[in-house]
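Novice: Residue numbers (the working numbering): 111 to 318.
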Ligand SMILES: [Zn+2]
Ligand SMILES: [Zn+2]
């Protein structure tokens with residue numbers, strides 16, 4: 111009765127019946143759309159985190175990014191492409207080049223594309239890191255990213271993908287201090303209050 115257990119676990123997570131009680135529902139979820147829902151609302155993302163415009167009304171694609179530590183989602187957002195570009199365009203040329211080099215050199219796109227095309231269920235994309243191929247259940251932390259077209263359909267291309275924390279750290283290692291600062295500001299402005307000065311974990315990079 112996986113379905114029942116899953117529904118129960120999702121209900122508990124969604125409604126927060128037992129705060130602090132850990133329900134790790136993700137490994138059981140075989141519907142990619144459910145993975146890409148907001149954990150906060152239990153429904154698809156409806157607004158861009160930056161401009162707050164309803165995604166359905168924006169004539170542009172958008173991304174859903176979620177970051178996990180263990181089975182807990184620690185950061186999640188949808189961002190429209192114009193907003194995403196306006197953040198990443200501020201990254202230094204050196205940083206953009208470093209991300210490009212990682213994406214080209216550290217990911218075997220030919221092999222991944224072949225696997226993705228063969229996959230019976232697109233959720234298989236979330237079974238292992240896009241780069242180092244470590245299985246998800248052996249990761250301490252990871253991020254998933256998916257692209258939707260302007261009509262709200264999930265795009266099956268280079269995304270959706272899952273990347274492990276260690277590979278994210280490799281990407282962020284190549285970012286300039288100036289680019290890291292832009293990322294920190296994005297997090298501070300959209301997820302934290304101005305007085306929140308808890309340690310910022312630099313390894314997390316949700317925008318590609
Ligand atoms: Zn936006
Ligand atoms: Zn990896």
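C-beta: ideal position from N, C-alpha, C; glycine also.
Of all the options 213, 243 and 212, which has the alpha carbon lying nearest to the alpha carbon of residue 225?
Specialist: As a first step, residue 225 must be located in the chain shown, where it is residue number 115. When each option's Cα is compared against that of residue 225, the closest is 243.
Novice: Looking only at C-alpha atoms, which of 204, 268, 227 and 271 sits nearest to residue 282?
Specialist: Here residue 282 corresponds to residue number 172 of the chain shown, with the count starting at 1. With respect to the C-alpha of residue 282, the residue from 204, 268, 227 and 271 having the closest C-alpha is 204.
Novice: Rounded to the nearest angstrom, what separates residue 253 and residue 164 at their Cα positions?
Specialist: The sequence position of residue 253 within the chain shown is 143, counting from 1. The sequence position of residue 164 within the chain shown is 54, counting from 1. For residue 253 and residue 164, the distance between alpha carbons rounds to 24 Å.
Novice: Is the closest heavy atom of ligand 2 to the C-beta of residue 241 under 7 Å?
Specialist: Working through the chain shown from its first residue, we reach residue 241 at position 131. Within the cutoff, so yes.
Novice: Between the C-alpha atoms of residue 144 and residue 284, what's the straight-line distance to the nearest angstrom?
Specialist: Working through the chain shown from its first residue, we reach residue 144 at position 34. Working through the chain shown from its first residue, we reach residue 284 at position 174. Computed Cα separation, rounded: 32 Å.
Novice: Is it the case that the Cβ atoms of residue 251 and residue 197 are separated by a distance below 8 Å?
Specialist: Here residue 251 corresponds to residue number 141 of the chain shown, with the count starting at 1. Here residue 197 corresponds to residue number 87 of the chain shown, with the count starting at 1. Not closer than 8 Å, so no.
Novice: Consult DSSP for residue 193 and reduce its assignment to one of helix, strand or coil.
Specialist: As a position in the chain shown, residue 193 is number 83, starting the count at 1. In the structure shown, residue 193 sits in a helix (DSSP, three-state: H, G or I).
Novice: Could you tell me the alpha carbon to alpha carbon distance between residue 131 and residue 207, rounded to whole angstroms?
Specialist: By one-based count along the chain shown, residue 131 stands at place 21. By one-based count along the chain shown, residue 207 stands at place 97. Here the model assigns residue 131 a pLDDT of 38, short of 50, so the residue's position is not dependable, and the following value carries that caveat. Distance between the alpha carbons of residue 131 and residue 207: 42 Å.
Novice: Exposed or buried, what is residue 172 when buried is set at 16 or more other beta-carbons lying within 10 Å of its beta-carbon?
Specialist: Working through the chain shown from its first residue, we reach residue 172 at position 62. Counting every other CB atom within 10 Å of its CB across the protein chains shown gives residue 172 a total of 16 or more, marking it as buried.
Novice: Would you mind stating whether residue 289 and residue 175 have Cβ atoms separated by less than 8 Å?
Specialist: If you number the chain shown from 1, residue 289 lands on position 179. If you number the chain shown from 1, residue 175 lands on position 65. Contact flag unset, no.
Novice: Give me whichever residues DSSP pairs with residue 253 in a beta bridge.
Specialist: Locating residue 253 in the chain shown gives position 143, counting from the first residue. In the DSSP output, where bridge partners are listed per residue, residue 253 has 177 and 273.
Novice: Kindly list the residues whose CB is nearer than 6 Å to the CB of residue 300, restricted to its own chain and excluding five residues on each side of it in sequence; keep chain order.
Specialist: Residue mapping note: residue 300 aligns to position 190 of the chain shown, counting from 1. When the five nearest sequence neighbours on each side are left out, the beta carbons in the same chain lying within less than 6 Å of the beta carbon of residue 300 are those of 159, in order along the chain.
Novice: Return helix, strand or coil for residue 188, following the three-state DSSP convention.
Specialist: Here the question's residue 188 lines up with position 78 in the chain shown. Note: residue 188 maps to strand in three-state DSSP.
Novice: Whole angstroms are fine: how far does the CA of residue 202 sit from the CA of residue 286?
Specialist: Here residue 286 refers to the residue found at position 176 of the chain shown. Here residue 202 refers to the residue found at position 92 of the chain shown. Spanning the two alpha carbons is a distance of roughly 7 Å.
Novice: Within 10 angstroms of the Cβ of residue 214, are there 16 or more other Cβ atoms? Answer buried if so, exposed if not.
Specialist: Translated into the one-based positions of the chain shown, residue 214 becomes position 104. It is exposed - the Cβ of residue 214 has fewer than 16 other Cβ atoms within 10 Å.
Novice: To which residues of the same chain is residue 154 closer than 6 Å at the C-beta, ignoring the five residues directly before and after it?
Specialist: Translated into the one-based positions of the chain shown, residue 154 becomes position 44. Hits under 6 Å: 147.
Novice: In whole angstroms, what separates the C-alpha of residue 151 from that of residue 217?
Specialist: The residue you call residue 151 lines up with position 41 of the chain shown. The residue you call residue 217 lines up with position 107 of the chain shown. About 33 Å.
Novice: Taking 7 Å as the limit between beta carbons, can you name the residues of its chain near residue 170, skipping five residues before and five after?
Specialist: Translated into the one-based positions of the chain shown, residue 170 becomes position 60. 190, 191, 192 and 260.
Novice: Would the beta-carbon of residue 192 be found less than 7 Å away from any heavy atom of ligand 1?
Specialist: The count along the chain shown starts at 1 and reaches residue 192 at position 82. Under cutoff, so the answer is yes.
Novice: Consider the C-beta atom of residue 214 and the heavy atoms of ligand 2; say whether any pair is separated by less than 7 Å.
Specialist: The count along the chain shown starts at 1 and reaches residue 214 at position 104. For ligand 2, not one heavy atom lies less than 7 Å from the Cβ of residue 214.
Novice: Give the straight-line distance between the Cα atoms of residue 219 and residue 161, rounded to the nearest whole angstrom.
Specialist: If you number the chain shown from 1, residue 219 lands on position 109. If you number the chain shown from 1, residue 161 lands on position 51. One C-alpha to the other measures close to 32 Å.
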